[in-house]
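Take a look at the structure below.
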Amino acid sequence: GAVVSQHPSRVICKSGTSVKIECRSLDFQATTMFWYRQFPKQSLMLMATSNEGSKATYEQGVEKDKFLINHASLTLSTLTVTSAHPEDSSFYICSARTSGGDTQYFGPGTRLTVL
Amino acid sequence: GESVGLHLPTLSVQEGDNSIINCAYSNSASDYFIWYKQESGKGPQFIIDIRSNMDKRQGQRVTVLLNKTVKHLSLQIAATQPGDSAVYFCAEYPRAAGNKLTFGGGTRVLVKP
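Protein chains in written order, with the working numbering: chain A, 1 to 115; chain B, 1001 to 1113.
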């Protein structure tokens, strides 16, 4: 099946710093990538949808200036958490979908801990 | 798979028995449904999908049943194994949401040896 990777798998940062998370589709071209956040014992909540070469679409309640998304190529999307605070600590998961496809392939997730 | 806030419903099952995980969805316009398995600290893994023009689909050791009348989806796992211990999520594609996946609350499956 299609493979999606994320880097880093874990990151610990100080409050006020910015953290970048990469999401790559390794063996297919992802015209659309999605970013989710998952708190402990909860389901995945969609944060934003990004299409290659265009601005991301954010879900209601998600601050676009705080969670910067760039989808510069068909195989790479990045999420930057700016001025991170402890409440941003969470499990961030990306997924990728091909053009015209329905199935989303998920990355392994990135555990962010903000001290 | 109904949302229960901070407490995931748990299904305890004996190794070798069959497991049935249920999910209620709310949007009658959804036409595509997926079951995902998520192990601790990992991303969701695709298990099986079904379209609304079907009511049953089988995979390897798994069967998904769709009842559109009562908006209910279930995942059956045959001969449950220790490796099946995980959280299982159903997800739907409601057309009104612009072809974006909406996840259910999740069910934890615990396989007892």
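Heads up, the beta-carbon is just placed ideally off N, CA and C, and yes, glycines get one too.
Given the structure is predicted, the values throughout are model-derived calculations rather than measurements.
Alpha-carbon to alpha-carbon, B:Gln1014 and A:Ser54:
49 Å
Could you compute how far the alpha carbon of B:Tyr1119 sits from the alpha carbon of A:Cys23?
Since the first residue of chain B shown is 1001 and the last is 1113, residue 1119 of chain B is not available in this structure.
Selected residue, minimal CA-CA separation from A:Ser5, among A:Ser95, A:Arg111, A:Asp88 and A:Glu87
A:Ser95
Please name the residue or residues paired with A:Asp88 in a DSSP beta bridge.
A:Asp88 pairs with nothing; no bridge assigned.
Taking the Cβ atom as the reference point for each residue, do A:Thr82 and A:Ser18 lie within a distance shorter than 8 Å?
yes
Assign B:Val1109 to buried or exposed, taking buried as 16 or more other Cβ atoms, counted over all protein chains shown, within 10 Å of its Cβ.
buried
Tell me the residue span of the beta strand (DSSP E) that contains A:Gln6.
Val4 to His7
Per DSSP, what kind of secondary structure is A:Asp102 in: helix, strand or coil?
coil
For A:Thr110, which residues of its own chain have a beta-carbon under 8 Å away from its beta-carbon, when the five flanking residues on both sides are left out?
Gln6, His7, Pro8, Ser9, Arg10, Val11, Ile21, Phe91, Tyr92 and Ile93
For B:Pro1082 and B:Glu1002, the rounded distance between their alpha carbons
Reliability of the predicted coordinates at B:Glu1002 is poor, the pLDDT of 37 falling under 50, and the value obtained from them is presented with this limitation in mind. Those two C-alpha atoms are separated by around 24 Å.
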